[in-house]
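Chemist: Top to bottom, those sequences are chains P and F.
The opening position of the first sequence corresponds to residue 1 in this note's numbering, with each subsequent residue numbered one higher.
The opening position of the second sequence corresponds to residue 1001 in this note's numbering, with each subsequent residue numbered one higher.
2 protein chains.
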Amino acid sequence: MDVTGTEAARPAPKSASKSASKSEQTRQRILDAAAEVLSRKGYAGTRLADVAAVAGVQAPAIYYYFSSRDVLVEEVMWEGAHRVRLHVEETLAALPDDSTAMDRLLVAVDAHLRYELQVSDYATASIRNAGHVPEQLRVRPAAEEALYSRLWRDLFVAAQQAGEVRADLDVNTFRLLLLGAMNWVVEWWNPRTRSLDELVATAQGMVRHGAGTA
Amino acid sequence: MDVTGTEAARPAPKSASKSASKSEQTRQRILDAAAEVLSRKGYAGTRLADVAAVAGVQAPAIYYYFSSRDVLVEEVMWEGAHRVRLHVEETLAALPDDSTAMDRLLVAVDAHLRYELQVSDYATASIRNAGHVPEQLRVRPAAEEALYSRLWRDLFVAAQQAGEVRADLDVNTFRLLLLGAMNWVVEWWNPRTRSLDELVATAQGMVRHGAGTA
DNA sequence: GGATTTCTCTAATCTTGGTTAGAAACTCCG
DNA sequence: CGGAGTTTCTAACCAAGATTAGAGAAATCC
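Structure, rendered in structure tokens:
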């Protein structure tokens, strides 16, 4: 039973290093379950028994893969921040080279919203609980979030330098407001009330008109 | 300032109905303490012992005024939503009659932000924990929030009808995004990094340019 | 000033839920 | 088949923290 870094106890994939050993699958299943419960019930409301139930296992089995509840939570939080960043980065990387800075900004808005609302419980869990888990659990995830912040900062700076964002705009504040608007969406969005396409379009409009040069 | 309805156990202010009986003051002190701790530590991290300490009392004393932890929390949440709404309403009411619809919108942004960031732990507690307290505690506060939503909806509708907001804008979505942006501010704003005035100005710009007609 | 009521304290109780122990079950070769 | 290693289960264990009991201050009223 070896530990690497601040990481959870993880069973050594001794003999098996196949595609995804059964053990690794179970670990993943538990992590997924934790993300789901965490995204729905929040840190306070997340019990190991619930996570176990979703994962189709008994609570103590979790300890075979994670050394404590907090370690499990921390990993979900980190994954959430990490995955969103990766997704947005990859989406941007796939854009044609001649895309304008504003194009890139709008695509980032699209990617962020769709990913957090449709794809990933990890993202939702990470967003909703960032400010609610105990301090010590925020360290690693915070590093990821810092990277993500930088990504957005760069997008805005580039757009402003290209003259596609008003020169007098305080892009740092605007960026934080925008991220807040997008993060808070998880608290209210209901697919039955409002389509994701509409939501994305409105959010993009908020950037295009709110920050862009007329 | 007493409330009726599904309220907590409250000592009957039998003989004393002075300005603010000592008893009433203590109750208030506990409520204030709860708002402060709740706004800082969140629902999960709020212990009655902490609240008691801030209020300068022992934990069991809380039970003389509130029948349970959850009842205490619920009252803070309700107060938070209620006070913000009242403050914004009063601020708007004080505007001259010839104010434009956009003026009113921008003033509302100003009032909301300043109140939540400077004035009231109740507001902060209410915002940060809205999605994290158990379902049953959300009922009463939710009613207040619905009223607040309506206030904003009316502001936007008026502005759009007056032609001061783009006719093609989905004001409902925009409103929710804006409220999200403003609510999320409690998660990141630091007065030492960024002045409140700058923040307010940027948020107002987000509305003026993002929603307003050019 | 004493009696009654109001308020707050210390000490004890109870529940919830994370965590640990240690016994089964299961897997994977040989 | 049989045994070593891996995985998961049941049955405790334990700590934290909400809540209750009941005694003792403090205020209030006649």
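Just so you know, even glycine gets a beta-carbon here, dropped at the ideal spot from N, CA and C.
In chain P, which residues lie with their C-beta within 9 Å of the C-beta of residue 1194 of chain F?
Modeler: Here the neighbours are 170, 172, 173 and 176.
Chemist: Beta-carbon within less than 8 Å of residue 106 of chain P's beta-carbon, same chain only, minus the 5 sequence neighbours each way: which residues are those?
Modeler: So the list reads 204, 207 and 208, once near-sequence residues are dropped.
Chemist: Report yes or no: do three or more beta-carbon pairs, one from the region 122–137 of chain P and one from the region 160–175 of chain P, lie closer than 8 Å?
Modeler: Result no; under three Cβ-Cβ pairs closer than 8 Å.
Chemist: Residues in the same chain with beta-carbon distance under 7 Å from residue 37 of chain P, minus the five sequence neighbours each way, listed in chain order, please.
Modeler: Only 46, 50, 51 and 54 meet the Cβ criterion.
Chemist: Would you call residue 198 of chain P buried or exposed, if buried means 16 or more other Cβ atoms sit within 10 Å of its Cβ?
Modeler: Under this definition residue 198 of chain P is an exposed residue.
Chemist: DSSP state of residue 1056 of chain F, grouped into three classes?
Modeler: Note: residue 1056 of chain F maps to coil in three-state DSSP.
Chemist: Mind listing the chain P neighbours of residue 1190 of chain F? Cutoff is C-beta to C-beta under 8 Å, in chain order.
Modeler: Chain P residues near residue 1190 of chain F: none, gap ~11 Å exceeds 8 Å.
Chemist: Does the region 85–98 of chain P touch the region 57–65 of chain P, meaning 3 or more C-beta pairs lie closer than 8 Å?
Modeler: Too few Cβ pairs lie closer than 8 Å, so no.
Chemist: Any chance the region 1123–1132 of chain F sits against the region 1065–1081 of chain F, with 3 or more Cβ pairs inside 8 Å?
Modeler: These segments touch.
Chemist: I believe residue 1114 of chain F touches residue 1196 of chain F by the beta-carbon criterion, under 8 Å. Please report the beta-carbon distance rounded to the nearest angstrom.
Modeler: Residue 1114 of chain F to residue 1196 of chain F, Cβ: 7 Å. Contact.
Chemist: To the nearest whole angstrom, what separates the beta carbons of residue 1155 of chain F and residue 1192 of chain F, a pair I think is in contact under 8 Å?
Modeler: About 32 Å; that fails the 8 Å criterion.
Chemist: What separation, rounded to the nearest whole angstrom, lies between the Cα atoms of residue 1171 of chain F and residue 110 of chain P?
Modeler: Taking the straight line from one Cα to the other gives about 19 Å.
Chemist: What would DSSP say about residue 133 of chain P, mapped onto helix, strand or coil?
Modeler: It is coil, neither helix nor strand.
Chemist: On the three-state DSSP scale, how would you describe residue 1212 of chain F?
Modeler: Strand.
Chemist: Beta-carbon within less than 8 Å of residue 1181 of chain F's beta-carbon, same chain only, minus the 5 sequence neighbours each way: which residues are those?
Modeler: Only 1203 and 1206 meet the Cβ criterion.
Chemist: What's the gap between the Cα of residue 1070 of chain F and the Cα of residue 213 of chain P?
Modeler: The straight-line gap from Cα to Cα measures roughly 49 Å.
Chemist: Residues of chain P with a CB under 8 Å from the CB of residue 1181 of chain F: which are they?
Modeler: In chain order: 177, 178, 180, 181 and 184.
Chemist: Beta carbon of residue 1039 of chain F, beta carbon of residue 1162 of chain F: below 7 Å?
Modeler: Not closer than 7 Å, so no.
Chemist: Does residue 1080 of chain F come within less than 7 Å of chain P when only Cβ atoms are used?
Modeler: No, no contact with chain P.
Chemist: Excluding sequence positions up to five away, which residues of its chain have a Cβ less than 7 Å from the Cβ of residue 1189 of chain F?
Modeler: Here the set comprises 1117 and 1199.
Chemist: Do residue 102 of chain P and residue 159 of chain P have their C-beta atoms within less than 7 Å of each other?
Modeler: Going by C-beta atoms, residue 102 of chain P is nearer than 7 Å to residue 159 of chain P.
Chemist: Would you list the one or two residues that DSSP bridges to residue 165 of chain P?
Modeler: In the DSSP output, where bridge partners are listed per residue, residue 165 of chain P has P:212.
Chemist: Give the residues from the region 37–55 of chain P that approach chain F closer than 8 Å (Cβ to any Cβ), ordered along the chain.
Modeler: Residues passing the 8 Å Cβ filter: 42, 43, 44 and 45.
Chemist: How is residue 1066 of chain F classed by DSSP in three states: helix, strand or coil?
Modeler: Looking at residue 1066 of chain F - three-state DSSP - the assignment turns out to be coil, as it is neither helix nor strand.
Chemist: Classify residue 93 of chain P as buried or exposed, calling it buried when 16 or more other Cβ atoms lie within 10 Å of its own Cβ.
Modeler: Exposed.
Chemist: For residue 1048 of chain F, I'd like the list of residues in its chain whose CB is within less than 7 Å of its CB, leaving aside the five on either flank, ordered along the chain.
Modeler: Cβ within range, chain order: 1059, 1062 and 1069.
Chemist: Could one say the Cβ of residue 1077 of chain F lies closer than 7 Å to chain P's Cβ atoms, at least one of them?
Modeler: No - not a single Cβ of chain P is within 7 Å of the one on residue 1077 of chain F.
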